Amino acid sequence: MMDGRRRNPYELTEETPVYVISVAAQLSGLHPQTLRQYDRLGLVSPDRTAGRGRRYSARDIELLRTVQQLSQDEGINLAGIKRIIELENQVAALQSRVAELEAALDGAAAAMQQREAAVHASYRRDLVPYQEVQQTSALVVWRPKRPQQD
Numbered sequence: 043m044m045d046g047r048r049r050n051p052y053e054l055t056e057e058t059p060v061y062v063i064s065v066a067a068q069l070s071g072l073h074p075q076t077l078r079q080y081d082r083l084g085l086v087s088p089d090r091t092a093g094r095g096r097r098y099s100a101r102d103i104e105l106l107r108t109v110q111q112l113s114q115d116e117g118i119n120l121a122g123i124k125r126i127i128e129l130e131n132q133v134a135a136l137q138s139r140v141a142e143l144e145a146a147l148d149g150a151a152a153a154m155q156q157r158e159a160a161v162h163a164s165y166r167r168d169l170v171p172y173q174e175v176q177q178t179s180a181l182v183v184w185r186p187k188r189p190q191q192d
């Protein structure tokens, strides 16, 4: 976990595969054979037990409902639905990566500001900053003084 605490091994999350196919079918409102077909097509891939039985998570159930909604209500074919799911997963992964990079950038900017402040604090205060003299286009003619005659 991100907060440093150990996770309870018995804690259920939406990713925990707990539902057998018959329960998943009932929760999603689909026939078990439809769930098997979606698994074969790679639309919804549940975890497997040691005996190769399917175990669905709450997230899988939600995805099954989404597939059904896209198919029935939107009229999208299964190949299109598969592509939509792949693209949504890509977007989620990219958003996560952007968040990681933004955090790294913020950390680097803070470190740079600290180093800059340390450099400024190390300046000798008895030095006077150099200011460049303005250049002009005026022409100055210099003539040596003539010796004075007595």
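Quick note on numbering: the working numbering labels position 101 of the sequence shown as 143, and the sequence is numbered without any gaps.
Where is the CB? At the ideal position from N, CA and C, for every residue including glycine.
Predicted model, so just to flag it, every value in this text is computed and none were measured.
Which residues does DSSP pair with residue i in a beta bridge?
i   : result
Y98 : Y61
D89 : R97
In the DSSP assignment, find the alpha helix (DSSP H) that holds residue i and state where it starts and stops.
i    : result
V79  : In the sequence under discussion, the amino acid at residue 79 is Gln, which differs from the Val named in the question. From DSSP, the alpha helix (DSSP H) with Q79 extends over 74 to 83.
A180 : Note, A180: premise wrong, no alpha helix (DSSP H); not H, not E.
I123 : 120 to 163
Comparing alpha-carbon positions, which option in the options lies nearest residue i?
i   : options                : result
L85 : R139, G122, A66, W184  : G122
V62 : S99, L54, Q190, R82    : S99
H73 : A151, R167, R107, E128 : R107
T58 : T91, S70, Q68          : T91
Q79 : L120, R166, G93        : L120
D81 : L105, N50, Q190        : L105
Just confirm the distance between the C-beta atoms of residue i and residue j, as a whole number of angstroms; I'd bet it's less than 8 Å.
i    : j    : result
R97  : D89  : 5 Å
L112 : I118 : 5 Å
K124 : L83  : 7 Å
G71  : Q110 : 7 Å
L77  : A66  : 6 Å
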